[in-house]
Amino acid sequence: MKKLLVIADKTGGKNIALARAANLQAATGAKIILRGYCYVNIHNPEDLKLAKLSRSQLEKQVVAKRQQELEKIAKQLKIKPKNIDIKAVWGKDISQAITTLCNKHKIDMVIKSAHRSETFLYTSTDWQLLRTCAPPVMITASKSWKKKPRIVASLDFSTKLKAKIALNHKVFKHAQELAEALGQEVHIAHAITMPQALIDMDIINAKDYISKRRKEIKLVSDAFCKEYGLDTSCVHLKAGPADKVIPSIANKLKADVVVTGTVARKGIKGKLMGNTVEGILSRLHTDIIAIKP
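In full-length UniProt numbering, the protein residues as written are 1 to 293.
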């Protein structure tokens, strides 16, 4: 990793994302690009007259204050000036600005603190980044990493699709790169999904089905481990839906970071149903890194 784009929290935030970037910078030597977005919506133009300010003057004042805040936070985290590029930016369309920055600077990973208060239908900046941002996106949890962070890669060993198999490798390689930078090993989580409707109708015996699928999955996971020189004990298999199983395994392992693949869905159907990574994110209490194909 050479360049990390960090999206600063709003004024008063804990800036966990920048703290994570500082950890990664120390481990990898990556450059941190910190951007703090700010915007003031003036509904009544008379308010500006009372303040004796033009819109451009207001913008300059707000940006200058935000710049000072960002520099102070970076100093508190003891990030050396040579390792960070700090800039306050006026604007409210954050997602588009981030996309432009990623293209301009060839960003290796975007890091942002989680904001989980949005309503179900509201497409927050977090969701937009997970769906549309090309580089890997890390959404940070509120808790601090352990001294020896535990990294978990969520992989789909059941797929036969070439694109998803390729995504498995991409997810694992990113998790491995992160783990090696931090001097740790990667754990792998896989959910053995079941045809619940058929089980509920007693058409399929759940115990027999899981036993059969576990053996089939283990053949694939063992081959994967052999390819990467891994001990098979690093693979954790559990039956159930991925959006529940992956957080469960992560919790049992006391994971700090879960790396998972994601494929965006288009249209209102995608907003309503979400995709697996959104379900995982809503249940995880760890950092999550979303990787696109």
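The C-beta atom is built at its ideal place from N, Cα and C for all residues, glycine as well.
Three-state secondary structure (DSSP) of residue i
i           : result
residue 209 : helix
residue 174 : helix
residue 85  : strand
residue 152 : strand
residue 285 : coil
residue 298 : This structure leaves residue 298 out entirely; the chain is present only between 1 and 293.
residue 204 : coil
Contact belief for residue i with residue j at Cβ below 8 Å, rounded distance in angstroms
i           : j           : result
residue 136 : residue 288 : Residue 136 to residue 288, Cβ: 10 Å. No contact.
residue 31  : residue 85  : 7 Å
residue 244 : residue 283 : 7 Å
residue 194 : residue 206 : 7 Å
Cβ neighbours of residue i in the same chain (closer than 7 Å, five flanking residues each side left out)
i           : result
residue 286 : 141, 250, 255, 256, 257 and 258
residue 83  : 25, 31 and 32
residue 222 : 232
Residues near residue i by beta carbon distance below 8 Å, same chain, minus five either side
i           : result
residue 217 : 157, 158, 190, 192 and 237
residue 89  : 35, 36, 37, 38, 63 and 97
Bridge partners - residue i, DSSP secondary structure assignment
i           : result
residue 102 : DSSP output for residue 102 lists no bridge partner at all.
residue 113 : 140
residue 261 : 291
residue 36  : 88
residue 7   : 35 and 112
Sequence-distant residues of its chain with Cβ nearer than 6 Å to residue i (five each side left out)
i           : result
residue 268 : With a pLDDT of 44 at residue 268, under the threshold of 50, the modelled position of that residue is not reliable, and the figure given next carries that caveat. Cβ neighbours of residue 268 beyond the five flanking positions: none.
residue 291 : 136, 170, 171, 174 and 261
residue 123 : Unreliable placement is indicated for residue 123, whose pLDDT of 47 sits below 50; no coordinate value is reported for it.
Residue i and residue j closer than 8 Å at C-beta
i           : j           : result
residue 152 : residue 187 : yes
residue 102 : residue 64  : no
residue 40  : residue 58  : yes
residue 107 : residue 5   : yes
residue 8   : residue 70  : yes
residue 247 : residue 163 : no
residue 113 : residue 16  : yes
residue 1   : residue 109 : yes
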